[in-house]
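> One line per chain: the protein sequences are A and B, in this order. Going by this note's numbering, the first residue of the first sequence is number 191, and it counts up by one from there. Going by this note's numbering, the first residue of the second sequence is number 136, and it counts up by one from there. We treat Cβ as the ideally placed atom computed from N, Cα and C, and that holds for glycine.
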Amino acid sequence: MKSIVPVGPFHPLQEEPEHFRLHVDGETVVGLDIEIGYNHRGIEKLAETKTWEQIVFLVERICGICSTSHPIASVQAMEDCGNIEVPERALYIRSIIGEMERLHSHLLWVGLAGHFLGYNTVFMWAWKHREIVLDLFEKICGNRNHYAMMKPGGVRRDIPESMYDEIVQGMGQLAKALDIYKGAVLDDPVLHARLKGVGVLTAKDIHDYCALGPTARASGVAKDVRRDHPHAAYGLVDWNVVTHTDGDVFAKAVVRVLECYESARIVKGCIEKMRPGPIDSDPKGIGPGEGVGHYEAPRGETFHYCRSDGSNRPVRYKVRAPTFMNLSTNYVSVIGQSVTDATICLAAIDPCYCCTERTSAVDYRTGDQVYTAKDLIRMSHEKTARLRREYGVEEPQL
Amino acid sequence: MGGATAEKIAEDFRAKLGGKVVSCEVRSYKRIYAEVAPKDFPEVALYLWGDRKARFNIASGAQTPGGFEVLYHFSLNEGDERGVGAGDGVVFSVRIRTSEKEHPVLPSVAGKIKAFSFIERELHDLLGIAFDGHPDMKPLLRAEDWPEGFYPLRRTEKRAELDVGSKRGTGESGS
Numbered sequence: 191m192k193s194i195v196p197v198g199p200f201h202p203l204q205e206e207p208e209h210f211r212l213h214v215d216g217e218t219v220v221g222l223d224i225e226i227g228y229n230h231r232g233i234e235k236l237a238e239t240k241t242w243e244q245i246v247f248l249v250e251r252i253c254g255i256c257s258t259s260h261p262i263a264s265v266q267a268m269e270d271c272g273n274i275e276v277p278e279r280a281l282y283i284r285s286i287i288g289e290m291e292r293l294h295s296h297l298l299w300v301g302l303a304g305h306f307l308g309y310n311t312v313f314m315w316a317w318k319h320r321e322i323v324l325d326l327f328e329k330i331c332g333n334r335n336h337y338a339m340m341k342p343g344g345v346r347r348d349i350p351e352s353m354y355d356e357i358v359q360g361m362g363q364l365a366k367a368l369d370i371y372k373g374a375v376l377d378d379p380v381l382h383a384r385l386k387g388v389g390v391l392t393a394k395d396i397h398d399y400c401a402l403g404p405t406a407r408a409s410g411v412a413k414d415v416r417r418d419h420p421h422a423a424y425g426l427v428d429w430n431v432v433t434h435t436d437g438d439v440f441a442k443a444v445v446r447v448l449e450c451y452e453s454a455r456i457v458k459g460c461i462e463k464m465r466p467g468p469i470d471s472d473p474k475g476i477g478p479g480e481g482v483g484h485y486e487a488p489r490g491e492t493f494h495y496c497r498s499d500g501s502n503r504p505v506r507y508k509v510r511a512p513t514f515m516n517l518s519t520n521y522v523s524v525i526g527q528s529v530t531d532a533t534i535c536l537a538a539i540d541p542c543y544c545c546t547e548r549t550s551a552v553d554y555r556t557g558d559q560v561y562t563a564k565d566l567i568r569m570s571h572e573k574t575a576r577l578r579r580e581y582g583v584e585e586p587q588l
Numbered sequence: 136m137g138g139a140t141a142e143k144i145a146e147d148f149r150a151k152l153g154g155k156v157v158s159c160e161v162r163s164y165k166r167i168y169a170e171v172a173p174k175d176f177p178e179v180a181l182y183l184w185g186d187r188k189a190r191f192n193i194a195s196g197a198q199t200p201g202g203f204e205v206l207y208h209f210s211l212n213e214g215d216e217r218g219v220g221a222g223d224g225v226v227f228s229v230r231i232r233t234s235e236k237e238h239p240v241l242p243s244v245a246g247k248i249k250a251f252s253f254i255e256r257e258l259h260d261l262l263g264i265a266f267d268g269h270p271d272m273k274p275l276l277r278a279e280d281w282p283e284g285f286y287p288l289r290r291t292e293k294r295a296e297l298d299v300g301s302k303r304g305t306g307e308s309g310s
């Protein structure tokens with residue numbers, strides 16, 4: 191019997207709105223429609239009204255998980271456009287921040303993948319061990335996410351030498367935790383049964399859809415922007431590109447878990463090699479021209495393009511997140527799967543829709559704005575004031 | 136090493152496409168910018184993606200004083216037969232332009248290379264560029280009640296023209 195199973199746009203499976211229509215024959219998926227656009231925020235249009243330095247903060251807010259991948263790609267596009275040099279220490283710091291982000295992002299996926307499969311122990315473990323990285327971030331930049339570290343010409347904050355030991359220890363702790371995942375996830379017979387041979391993508395599929403990141407590397411396509419187009423400090427430390435040949439969901443899990451080890455290794459390598467020095471070449475504006483910047487985000491290559499007429503704002507700014515390319519591989523990976531396996535197939539690319547679509551809240555029935563930006567700021571101020579009162583914190587004297 | 140790679144790629148490109156290349160410039164050891172006529176672009180895309188095994192990154196469209204242009208970005212990694220690059224990757228950007236200011240139409244590549252499907256739909260949503268021959272040109276990002284003919288990335292569009300509220304709803308009040 192043929193029918194349609196709608197997934198989303200509002201559902202408890204993932205945190206973001208997207209809509210899949212699974213056309214099923216009995217329990218087998220025979221067709222798929224993908225609808226996105228629920229989270230489009232007009233960031234490219236907005237970028238044309240911002241100065242170059244403001245854009246880095248704007249693109250940082252495209253995504254809450256890979257919140258430093260967009261800024262790295264963005265500042266690299268600006269540096270490409272304006273021929274701006276970056277001091278070596280800043281390159282190391284960019285790689286450290288980027289790899290720590292990859293660690294917590296991959297752990298988040300491992301946790302969610304466990305959750306989708308009903309293996310909530312993994313979910314709890316992964317989120318517990320993410321805290322190691324998030325705590326380190328809080329010490330480095332004052333925030334668990336949205337680090338605000340990047341700027342054209344360098345980085346905004348140095349990593350003090352007094353923190354080196356703590357970072358290296360944190361990476362050691364994580365490596366131990368990763369050993370648990372390797373044992374409990376990758377050697378678990380139940381997970382083998384659920385994930386092996388499921389949602390297979392071949393190297394040809396990857397080339398057809400120009401898919402990226404762990405999705406491509408799990409199908410034996412050894413593309414990694416960090417190595418293929420060297421930037422930051424990736425050409426200065428030792429590490430390996432992790433690949434797998436099977437192309438199924440299990441292979442994607444293996445690639446992500448093993449990549450965490452490489453990330454920890456890159457962070458340690460950078461800490462060992464970086465020397466004191468300037469962290470910012472302090473460029474004065476971005477000259478006229480056009481530039482491309484790309485960075486291997488946890489989900490694959492993030493690509494930014496900018497065009498400057500020499501003023502303090504771009505005339506065109508383009509953002510392409512990895513999910514934009516990876517999403518259409520679902521047309522291949524879920525066909526022929528059972529409905530039960532379709533969910534993990536759809537989740538296997540580690541989709542990120544807020545990235546893909548790049549708000550004010552509107553009631554769609556009436557068209558009325560529910561909250562404007564002003565309302566949200568006011569509510570935020572009110573909440574801060576309430577928390578201050580509750581915790582007995584004094585108002586700051588400005 | 137890298138410089139030679141970019142020069143070689145550009146040389147091969149000129150040799151293969153001959154008179155169809157309007158311009159081809161190696162701007163640095165990792166960036167090449169070329170321009171071709173819109174009608175020749177499908178052939179160029181098939182050469183880069185098919186023969187050279189390039190990965191299509193994305194296309195960025197823009198409205199210019201003379202009309203519209205689309206810049207297609209490809210990543211090339213000259214590696215061994217397994218595709219393992221040696222860190223000499225090049226971004227090859229191919230530009231096509233049209234002087235049509237109201238209803239630009241460019242040739243679609245989506246029928247030949249699946250990776251072009253989403254971005255051609257996005258360019259249609261946001262800039263109003265139609266892609267001739269696209270197998271399924273439905274909106275990608277636009278809401279279904281988005282006003283017809285309103286393209287937010289065009290410079291000529293005024294925000295005030297977008298009165299989404301009045302187009303929505305049938306009088307049924309929300310709770």
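Give, in chain order, every residue of the stretch 408 to 428 of chain A whose Cβ lies closer than 7 Å to some Cβ of chain B.
Those would be 411, 412, 413, 417, 418, 419, 420, 425, in chain order.
> Use the C-beta contact count for residue 200 of chain A: other C-beta atoms within 10 angstroms, 16 or more gives buried, fewer gives exposed.
The sequence position of residue 200 of chain A within the first sequence is 10, counting from 1. So residue 200 of chain A ends up on the exposed side.
> Going by CA-CA distance only, name the one from A:540, A:512, A:527, A:471 that's closest to residue 591 of chain A.
Within the shown structure, residues of chain A are numbered from 191 to 588, placing residue 591 of chain A beyond reach of any answer.
> Kindly indicate if chain B contains any beta-carbon less than 9 Å away from that of residue 517 of chain A.
Here residue 517 of chain A refers to the residue found at position 327 of the first sequence. So yes, residue 517 of chain A belongs to the interface.
> At a Cβ threshold of 9 Å, is residue 499 of chain A touching chain D?
No chain D is part of this structure, whose protein chains are labelled A and B.
> Excluding five sequence neighbours on each side, which residues of the same chain lie with their C-beta closer than 8 Å to the C-beta of residue 215 of chain B?
Translated into positions along the second sequence, residue 215 of chain B becomes position 80. With a pLDDT of 46 at residue 215 of chain B, under the threshold of 50, the predicted position of this residue should be treated as unreliable, though the coordinate-derived value follows. Cβ within range, chain order: n/a, list empty.
> Of all the CB atoms in chain A, is at least one closer than 9 Å to the CB of residue 210 of chain B?
Stepping through the second sequence from its first residue, residue 210 of chain B is reached at position 75. Closer than 9 Å: yes.
> Which chain A residues sit within Cβ distance under 8 Å of residue 262 of chain B?
Here residue 262 of chain B refers to the residue found at position 127 when the second sequence is read from its first residue. What residue 262 of chain B touches in chain A: nothing, since even the nearest Cβ is about 10 Å away.
> DSSP three-state label for residue 523 of chain A, please.
As a position in the first sequence, residue 523 of chain A is number 333, starting the count at 1. Reduced to three states, the DSSP call for residue 523 of chain A is helix.
> Contact criterion: CB-CB distance below 9 Å. Does residue 229 of chain B meet it with respect to chain A?
If you number the second sequence from 1, residue 229 of chain B lands on position 94. No, residue 229 of chain B lies away from the interface with chain A (no Cβ there is under 9 Å from its Cβ).
> Buried or exposed: where does residue 571 of chain A fall if 16 or more other Cβ atoms within 10 Å of its Cβ makes it buried?
Translated into the one-based positions of the first sequence, residue 571 of chain A becomes position 381. Classification for residue 571 of chain A: exposed.
> Opposite residue 148 of chain B in the DSSP bridges: which residues?
Position 13 of the second sequence, counting from 1, holds the residue named residue 148 of chain B. None, per the DSSP bridge assignment.
> Taking just the CA atoms, how far does residue 487 of chain A sit from residue 503 of chain A?
The sequence position of residue 503 of chain A within the first sequence is 313, counting from 1. The sequence position of residue 487 of chain A within the first sequence is 297, counting from 1. Spanning the two alpha carbons is a distance of roughly 25 Å.
> Run through DSSP, which three-state label would residue 233 of chain B get?
Against the second sequence, residue 233 of chain B aligns to sequence position 98. Looking at residue 233 of chain B - three-state DSSP - the assignment turns out to be strand.
> Please report how far the alpha carbon of residue 497 of chain A lies from the alpha carbon of residue 538 of chain A, in whole angstroms.
Position 307 of the first sequence, counted from the first residue, corresponds to residue 497 of chain A. Position 348 of the first sequence, counted from the first residue, corresponds to residue 538 of chain A. Straight-line Cα distance between these residues: approximately 34 Å.
> Could you compute how far the alpha carbon of residue 531 of chain A sits from the alpha carbon of residue 376 of chain A?
Stepping through the first sequence from its first residue, residue 531 of chain A is reached at position 341. Stepping through the first sequence from its first residue, residue 376 of chain A is reached at position 186. Looking at the two C-alpha atoms, the distance is approximately 18 Å.
> Pick out whichever of B:258, B:254, B:290, B:206 has its Cα sitting closest to the Cα of residue 400 of chain A.
Numbered from its first residue, the first sequence carries residue 400 of chain A at position 210. With distances taken between Cα atoms, residue 400 of chain A lies closest to B:254.
> Starting from residue 211 of chain A and walking both ways along the beta strand (DSSP E), at which residues does that stretch end?
For this step, residue 211 of chain A is matched to residue 21 along the first sequence. Residues 209 to 215.
> Can you name the residues of chain A whose CB is closer than 9 Å to the CB of residue 166 of chain B?
The residue you call residue 166 of chain B lines up with position 31 of the second sequence. Going along chain A in sequence order, the residues near residue 166 of chain B (Cβ under 9 Å) are 270, 481, 482.
> Consult DSSP for residue 529 of chain A and reduce its assignment to one of helix, strand or coil.
As a first step, residue 529 of chain A is located in the first sequence; it is residue number 339 there, counting from the start. Three-state DSSP puts residue 529 of chain A in a helix.
> Below 9 Å on C-beta distance, what does residue 282 of chain A contact in chain B?
Residue mapping note: residue 282 of chain A aligns to position 92 of the first sequence, counting from 1. In chain order: nothing, as chain B lies at least about 17 Å away.
> At a cut of 8 Å, does the stretch 175 to 187 of chain B reach the stretch 234 to 246 of chain B through at least three beta carbon pairs?
Yes, since at least three Cβ pairs between the stretch 175 to 187 of chain B and the stretch 234 to 246 of chain B fall closer than 8 Å, the two stretches touch.
> For residue 439 of chain A, which of helix, strand or coil comes out of DSSP?
Stepping through the first sequence from its first residue, residue 439 of chain A is reached at position 249. Helix.
> Name the DSSP bridge partner or partners of residue 482 of chain A?
If you number the first sequence from 1, residue 482 of chain A lands on position 292. In the DSSP output, where bridge partners are listed per residue, residue 482 of chain A has A:495.
> Counting only runs that start and end within the stretch 230 to 289 of chain A, where is the alpha helix (DSSP H) found for 4 or more residues in a row?
Correct list: 233 to 237, 242 to 250, 259 to 272.
> Smallest Cα separation from residue 328 of chain A: which of A:302, A:304, A:357?
Position 138 of the first sequence, counted from the start, is the residue given in the question as residue 328 of chain A. Answer by Cα proximity: A:357.
> Between the alpha carbons of residue 574 of chain A and residue 323 of chain A, how many angstroms are there, rounded?
Working through the first sequence from its first residue, we reach residue 574 of chain A at position 384. Working through the first sequence from its first residue, we reach residue 323 of chain A at position 133. Cα-Cα distance, rounded: 26 Å.
> Which two residues bound the contiguous alpha helix (DSSP H) that contains residue 385 of chain A?
For the purposes of this step, residue 385 of chain A is taken as residue 195 along the first sequence, with counting starting at 1. Run containing residue 385 of chain A: 379 to 385, per the alpha helix (DSSP H) assignment.
> Starting from residue 196 of chain B, follow the beta strand (DSSP E) in both directions and report where the run begins and ends.
Residue mapping note: residue 196 of chain B aligns to position 61 of the second sequence, counting from 1. From DSSP, the beta strand (DSSP E) with residue 196 of chain B extends over 190 to 199.
> Closer than 8 Å, Cβ to any Cβ of chain B: which residues of the stretch 221 to 232 of chain A, in chain order?
For the stretch 221 to 232 of chain A, which is checked against every Cβ of chain B, the residues closer than 8 Å are 226, 227, 230, 232.
> Beta-carbon separation of residue 150 of chain B and residue 166 of chain B under 9 Å?
Along the second sequence, one-based indexing puts residue 150 of chain B at 15. Along the second sequence, one-based indexing puts residue 166 of chain B at 31. No. Outside cutoff.
> Counting Cβ pairs closer than 8 Å, one from the stretch 290 to 304 of chain A and one from the stretch 250 to 266 of chain A, do we hit at least three?
Yes, the stretch 290 to 304 of chain A is in contact with the stretch 250 to 266 of chain A.
> Can you grab the Cα-Cα spacing for the pair residue 186 of chain B / residue 404 of chain A, in whole Å?
What you label residue 186 of chain B is simply residue 51 of the second sequence in a count that begins at 1. What you label residue 404 of chain A is simply residue 214 of the first sequence in a count that begins at 1. Their Cα atoms are separated by approximately 24 Å.
> Report back the beta-carbon spacing between residue 434 of chain A and residue 408 of chain A to the nearest angstrom; my notes put them in contact at under 8 Å.
Counting from one through the first sequence, the residue named residue 434 of chain A turns up at place 244. Counting from one through the first sequence, the residue named residue 408 of chain A turns up at place 218. Contact holds; Cβ gap of about 5 Å.
> Is the stretch 180 to 196 of chain B in contact with the stretch 504 to 512 of chain A, if contact means three or more CB pairs nearer than 8 Å?
Touching, per the Cβ criterion.
> Check whether chain A comes within 9 Å of residue 150 of chain B, counting only Cβ atoms and requiring the distance to be less than that.
To locate residue 150 of chain B, count along the second sequence from 1; it is residue 15. Chain A, which has no Cβ nearer than 9 Å to the Cβ of residue 150 of chain B, makes this no.
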